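Student:
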Amino acid sequence: MPLLFDRTTPIVDFGVTSSPIKWDTRKWFLWPAFAYKVLLPARGNPPFNVFQRATLDMCRAGVRDTEEVARRLALPMDLVGFILEQLLGMDALDDARAPTSRALRLMNEDDEPAEAEAAGYVIVDGHSLRIWPRVHRGSLPIVDADLEQGKARFQRGPEGRPETVSATLFWPTQGARPGAPTAYEVQKAARHHARRIRAFRRESSRVREGDDVLEGLKFKGLRVLGTDPEPIFVAAYLFLPKDARQRSWLVTDPCGLGVSDVLRPGVTKLAKEGKFNVAKLLEEVAGQAWHVDEGDLAVYFAEATKAARERVAQRLGEAAKLLPPEVLGRLADADVRLEGARTAKPIEDFLGNAYAALESVFGWLVSLYPDPSLFSALGHAAPENALLLQRIAERIGFNVSPGILPLLRVTRGIVKGAICFGNKTLPGRLAAALLEAQRNSNHPLATVATREPGALEFLAEMGKLRIAASHDTSSVPSAEAASEMRERLFALLRALVGVGPANVEAGNFEQSWGADLLLRVRARAEQVAEGYAGLAERPNVRTRVIEMHDASLLVKLLARSDATVPETLNTRLRDAVVAITIAMEAVFAEIERDVPTPASVTEAVSNDREQNAAQLAMAASALGFALEATGQLPKSLTHAKAHRIRRAAQGQGETLSARVAAQVLAAYQQSEHPLLEVAKRAPRLLLDVGRLVEARGHGDDVVVTAAEVAGLETMVANDVRAVLEAID
625 MPLLFDRTTP
635 IVDFGVTSSP
645 IKWDTRKWFL
655 WPAFAYKVLL
665 PARGNPPFNV
675 FQRATLDMCR
685 AGVRDTEEVA
695 RRLALPMDLV
705 GFILEQLLGM
715 DALDDARAPT
725 SRALRLMNED
735 DEPAEAEAAG
745 YVIVDGHSLR
755 IWPRVHRGSL
765 PIVDADLEQG
775 KARFQRGPEG
785 RPETVSATLF
795 WPTQGARPGA
805 PTAYEVQKAA
815 RHHARRIRAF
825 RRESSRVREG
835 DDVLEGLKFK
845 GLRVLGTDPE
855 PIFVAAYLFL
865 PKDARQRSWL
875 VTDPCGLGVS
885 DVLRPGVTKL
895 AKEGKFNVAK
905 LLEEVAGQAW
915 HVDEGDLAVY
925 FAEATKAARE
935 RVAQRLGEAA
945 KLLPPEVLGR
955 LADADVRLEG
965 ARTAKPIEDF
975 LGNAYAALES
985 VFGWLVSLYP
995 DPSLFSALGH
1005 AAPENALLLQ
1015 RIAERIGFNV
1025 SPGILPLLRV
1035 TRGIVKGAIC
1045 FGNKTLPGRL
1055 AAALLEAQRN
1065 SNHPLATVAT
1075 REPGALEFLA
1085 EMGKLRIAAS
1095 HDTSSVPSAE
1105 AASEMRERLF
1115 ALLRALVGVG
1125 PANVEAGNFE
1135 QSWGADLLLR
1145 VRARAEQVAE
1155 GYAGLAERPN
1165 VRTRVIEMHD
1175 ASLLVKLLAR
1185 SDATVPETLN
1195 TRLRDAVVAI
1205 TIAMEAVFAE
1215 IERDVPTPAS
1225 VTEAVSNDRE
1235 QNAAQLAMAA
1245 SALGFALEAT
1255 GQLPKSLTHA
1265 KAHRIRRAAQ
1275 GQGETLSARV
1285 AAQVLAAYQQ
1295 SEHPLLEVAK
1305 RAPRLLLDVG
1315 RLVEARGHGD
1325 DVVVTAAEVA
1335 GLETMVANDV
1345 RAVLEAID
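Heads up: the sequence shown begins at 625 in this note's numbering, then just goes up one per residue.
Structural data, given as structure tokens:
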């Protein structure tokens, strides 16, 4: 006989609460469930063993020192210490080692005759047909309600101050009938319930100290009384917390134990399936996290950038009047990211923009002395050029160390490009400036060498951190370290134009009125990330996926507003492409963690790029990946430098193209490599990687539109889903 849900189905309110979290907005709903009657056994075992009870009696009498308790009970001190730790973990003792009210009650109950068996209920979800990890003791708390057109109205709360609630009905699939839960499932639910009670008591004690209304639950021997459940609707609500740090909607525990994830997966599933207007309900309850006015966002960024420019001008002092506007703009972009930053992503963005400011500064220096003959002193071998430039830097007055050599390792063509064609890479521009400074004693770099002799070491460190921050690595400095780097950067720039320290007063820069807009955008990104299967088990990928959608959504909103300043949109476009690239890198890093690349891959890499390209195309085709019409992979993917591919093969974080190349070669050598399954689900993955690498460009040279960012976001999102399905 089918179990029907209709207008006469009882509505049960287990006393749901969001405590200790305060709600800002909330929406009630009624969730279908099946209540199975169970028998709760009488207490079979005492709550405390003889040693625990004796120790509790000592603590209740005021004897709480470990050594004294051990002496009085004639027990070893280490045993007493262990028992005390047990009692603290059981919430039987507080921090002062005094018995808690719960422990006192259990001790008193233990002295009384055993109680009789009692009836209760376990609940099976009406949608998933899975048992909830909860057990209710006693009869079902049914409330009177009026049902009409998918809504129910009922009252809850004390009789003197009842609250009228209007709730949305989430109907189950008619005819669904769960199987009766087994004794094992019921006892497991009871154990989970007991753990949740202890956790909720700790959480709510911060709000209602000493409140001990929850009873301990006895589950040994608990059994189901019958196989015919009672259909019920259980009251609960979705809510948005008042705390702005909580950027997503939450849902109450259906059995009155604060906030839990018992119903959240089901609510999320209904929202994805478009049932019962759940998605609309989520938008209403979490409207502050879902809706952002693009005009307000554009105005916020304009004001934030203006404030950042003022901070930059104040820190630079007179140097702000001498440096080109492009440099000041880059510094302001960096300062916007760092101001108030406490997480990795804004610090990563700060490093990228600060490095771009350095590229602009040295580009300006090269433009002041545009001499094409400078690069004639260089050869075609980058290592030899690095040693030559190191000697020049030392003669000028800079501190030199092996750490600066990667910064100076440039070819003649790179320096020629910086001088003649405006190429933006910092090493090329720095090399051109050093070559000019060695023959011109009035060159600004000579002043820098006198006042900031460690400048090149600082630039090398900044470059290293920026490269790490532009890829999927964990080498992100703290906010404090980043702030110190900012001050060092300003000191270098002041020395470059020959001005003294700035007279910086303690500024009163308050956070702009629109800062919460970024929290709303972040919340929307987190909601999108919930749609990825298997993402919760891979926290690094989850973080990178959220950052990808966060950066892409900012671009989408800013592009729709006429109030957006072009410079603001451009820098956010760059951030978005970097974030999308890092998300793709994170997925390949996850594959690398699951299946390390064998050492034989390092040996297979050639110093000849064309040979590597042919080898990669052959391997990709054998694995099942699609190739270009020419039968090759995109050059942006296959022309990674040999030493980078080798580093990636050794598990050292590298560029996306190098990391992918190493794993394609590894999969070609391993018959059970995850990329074999990935190729079946996403055959165009390597072509997508090539497109992404090309869009990413080099350094700060990212030229894409908002529409292209949206396309890249969708492409990478689909690829990430396919890879996660394959490796799970």
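C-beta: ideal position from N, C-alpha, C; glycine also. Owing to the predicted nature of the structure, the values given are computational and were not obtained by experimental measurement.
(1) Pull the bridge partners of Val748 from the DSSP assignment, please.
(2) Roughly how many angstroms lie between the CA atoms of Ile1170 and Ala1291, to the nearest whole one?
(3) Measure the CB-CB distance between Val636 and Leu846 and report whether it falls below 8 Å.
(4) What's the gap between the Cα of Gln676 and the Cα of Ile707?
(5) Which residue from Leu1193, Ile1269 and Gly1255 puts its Cα closest to that of Ala1228?
(6) How far does the beta strand (DSSP E) with Thr792 in it extend, from its first residue to its last?
(7) Below 8 Å on the Cβ atoms is my contact criterion, and I expect Asn1064 with Val1034 to pass it. Report the Cβ-Cβ distance as a whole number of Å.
(8) For Asp1174, is the classification buried or exposed, using 16 other Cβ atoms within 10 angstroms of its Cβ as the cut-off for buried?
(9) Just to confirm before moving on: does the CB-CB distance between Val640 and Gly880 stay below 8 Å?
(10) Can you name the start and end residues of the alpha helix (DSSP H) that Lys866 belongs to?
(11) For Leu921, name the three-state secondary structure that DSSP assigns.
(12) Whole angstroms is fine: what's the gap from Thr633's alpha carbon to Leu793's?
(13) Jot down the residue ranges of each uninterrupted alpha helix (DSSP H) in the segment 1272-1301, minimum 4 residues, whole runs only, in chain order.
(14) From the DSSP output, in three-state form, read off Ala860 for me.
(15) Within 8 Å of any Cβ in chain B, is that where the Cβ of Pro805 sits?
(16) Bridge partners of Glu772, per DSSP?
(17) Once you ignore the five residues that flank Gly1021 on each side, which residues in its own chain have a CB closer than 8 Å to its CB?
(18) Is Glu1134 helix, strand or coil when you go by DSSP?
(19) Go through its chain and collect everything with a Cβ distance to Leu1300's Cβ below 8 Å, but skip five positions before and after it.
(20) Determine the extent of the alpha helix (DSSP H) in which Gly890 is found, giving its start and end residues.
(21) With 16 other CB atoms within 10 Å as the buried threshold, where does Glu1214 fall?
(22) Once the 5 residues before and after Gly744 are set aside, which same chain residues still bring their CB inside 7 Å of it?
(23) Round the Cβ separation of Trp655 and Leu864 to the nearest angstrom and send it over; I've been treating them as touching at under 8 Å.
(24) Go to Pro1068, then tell me how far its alpha helix (DSSP H) extends in each direction, as first and last residue.
(25) Indicate whether Arg1053 and Glu983 have their beta-carbon atoms separated by less than 8 Å.
(26) Considering only residues of the same chain and omitting the five flanking positions on each side of Pro786, which have a CB-CB separation below 8 Å?
(27) In terms of residues, what are the limits of the alpha helix (DSSP H) holding Arg721?
(28) How about the segment 1328-1338 and the segment 1252-1265: do they share at least three Cβ pairs that are nearer than 8 Å?
(29) Do Arg933 and Leu946 count as a contact pair if the criterion is CB distance below 8 Å?
(30) Helix, strand or coil for Trp988, going by three-state DSSP, please let me know.
(31) Quick check on the DSSP output: the alpha helix (DSSP H) that includes Pro1163 runs from which residue to which?
(32) If Thr1221 sits next to Gln1287, beta carbons under 8 Å apart, how far is it from one beta carbon to the other, in whole angstroms?
(33) Compute the distance between the beta-carbons of Ala1207 and Arg1168, then report whether it is under 8 Å.
(34) Return the Cβ separation of Ala1354 and Arg961 in integer angstroms, given the expectation that the two are a contact with Cβ distance under 8 Å.
(35) Just grab the DSSP bridge partners of Ala742 for me.
(36) Can Leu1141 and Pro1068 be called in contact, C-beta distance under 8 Å?
Tutor: Reading it off the structure:
(1) The residue labelled residue 748 in the question sits at position 124 within the sequence shown. Paired residue(s): Phe658 and Ile755.
(2) Sequence index remark: in the sequence shown, residue 1170 carries index 546 (1-based). Sequence index remark: in the sequence shown, residue 1291 carries index 667 (1-based). Answer to the nearest angstrom: the Cα atoms are 28 Å apart.
(3) Here residue 636 corresponds to residue number 12 of the sequence shown, with the count starting at 1. Here residue 846 corresponds to residue number 222 of the sequence shown, with the count starting at 1. No, these two residues do not count as a Cβ contact at 8 Å.
(4) One-based indexing of the sequence shown puts residue 676 at position 52. One-based indexing of the sequence shown puts residue 707 at position 83. The alpha-carbon atoms of Gln676 and Ile707 are separated by roughly 6 Å.
(5) Counting from 1 along the sequence shown, the entry for residue 1228 is found at position 604. Per the Cα distances, Ile1269.
(6) By one-based count along the sequence shown, residue 792 stands at place 168. Taken as a continuous stretch (DSSP letters only), the beta strand (DSSP E) holding Thr792 covers Glu787 to Leu793.
(7) Counted from its first residue, the sequence shown places residue 1064 at position 440. Counted from its first residue, the sequence shown places residue 1034 at position 410. At roughly 20 Å, the Cβ-Cβ gap does not stay under 8 Å, so Asn1064 and Val1034 are not in contact.
(8) If you number the sequence shown from 1, residue 1174 lands on position 550. Looking at its Cβ environment, which holds 16 or more other Cβ atoms inside 10 Å, Asp1174 is buried.
(9) Walking along the sequence shown from the start, residue 640 turns up at place 16. Walking along the sequence shown from the start, residue 880 turns up at place 256. Going by C-beta atoms, Val640 is nearer than 8 Å to Gly880.
(10) Numbered from 1 along the sequence shown, position 242 holds the residue referred to as residue 866. Careful: Lys866 lies outside any alpha helix (DSSP H) and carries neither H nor E.
(11) As a working mapping, residue 921 is identified with position 297 in the sequence shown. Of the three classes helix, strand and coil, the one that applies to Leu921 here is helix, per DSSP.
(12) The count along the sequence shown starts at 1 and reaches residue 633 at position 9. The count along the sequence shown starts at 1 and reaches residue 793 at position 169. About 11 Å.
(13) 1280-1293
(14) Translated into the one-based positions of the sequence shown, residue 860 becomes position 236. Reduced to three states, the DSSP call for Ala860 is strand.
(15) Absent here is chain B; the protein component of the structure consists of one chain.
(16) Working through the sequence shown from its first residue, we reach residue 772 at position 148. Glu772 is bridged to Lys775.
(17) Locating residue 1021 in the sequence shown gives position 397, counting from the first residue. For Gly1021, same chain residues with a beta-carbon under 8 Å away, outside a window of 5 residues either side, are Ala1070, Ala1073, Thr1074 and Pro1077 in chain order.
(18) Here the question's residue 1134 lines up with position 510 in the sequence shown. Here Glu1134 scores only 49 on pLDDT, less than 50, and its place in the model is too uncertain to base an answer on.
(19) The count along the sequence shown starts at 1 and reaches residue 1300 at position 676. Within the same chain, Leu1300 has close Cβ partners Leu1247, Gly1248 and Ala1291.
(20) In the sequence shown, residue 890 corresponds to position 266, counting from 1. Note, Gly890: alpha helix (DSSP H), Arg888 to Glu897.
(21) Walking along the sequence shown from the start, residue 1214 turns up at place 590. With 16 or more Cβ atoms within 10 Å of its Cβ, Glu1214 is classed as buried.
(22) Indexing the sequence shown from 1 puts residue 744 at position 120. Correct list, in chain order: Val662, Leu664, Val759, His760, Arg761 and Gly762.
(23) Residue mapping note: residue 655 aligns to position 31 of the sequence shown, counting from 1. Residue mapping note: residue 864 aligns to position 240 of the sequence shown, counting from 1. That belief does not hold up - the Cβ atoms of Trp655 and Leu864 are roughly 19 Å apart, past 8 Å.
(24) What you label residue 1068 is simply residue 444 of the sequence shown in a count that begins at 1. Unbroken alpha helix (DSSP H) run through Pro1068: Pro1068 to Arg1075.
(25) As a first step, residue 1053 must be located in the sequence shown, where it is residue number 429. As a first step, residue 983 must be located in the sequence shown, where it is residue number 359. In contact: Arg1053 and Glu983 (Cβ atoms closer than 8 Å).
(26) To locate residue 786, count along the sequence shown from 1; it is residue 162. Gln779 and Arg780, listed in sequence order.
(27) By one-based count along the sequence shown, residue 721 stands at place 97. From DSSP, Arg721 is part of no alpha helix (DSSP H); its letter is neither H nor E.
(28) no
(29) By 1-based counting over the sequence shown, the position of residue 946 is 322. By 1-based counting over the sequence shown, the position of residue 933 is 309. No, the Cβ-Cβ distance between Leu946 and Arg933 is not below 8 Å.
(30) Position 364 of the sequence shown, counted from the first residue, corresponds to residue 988. Residue state, collapsed to three classes: helix.
(31) Counting from one through the sequence shown, the residue named residue 1163 turns up at place 539. Run containing Pro1163: Pro1163 to Arg1184, per the alpha helix (DSSP H) assignment.
(32) Within the sequence shown, numbered from 1, the residue matching residue 1221 stands at position 597. Within the sequence shown, numbered from 1, the residue matching residue 1287 stands at position 663. The pair is a contact, with the Cβ atoms about 7 Å apart (cut-off 8 Å).
(33) Residue 1207 sits at position 583 when you count from the first residue of the sequence shown. Residue 1168 sits at position 544 when you count from the first residue of the sequence shown. Yes, Cβ-Cβ distance for Ala1207 and Arg1168 is below 8 Å.
(34) Beyond the ends of the chain as shown, which are 625 and 1352, falls residue 1354; an answer cannot be given.
(35) Residue numbering aside, residue 742 sits at position 118 when the sequence shown is read from its first letter. Secondary-structure assignment with DSSP links Ala742 through a beta bridge to Leu664.
(36) For this step, residue 1141 is matched to residue 517 along the sequence shown. For this step, residue 1068 is matched to residue 444 along the sequence shown. No, the Cβ-Cβ distance between Leu1141 and Pro1068 is not below 8 Å.
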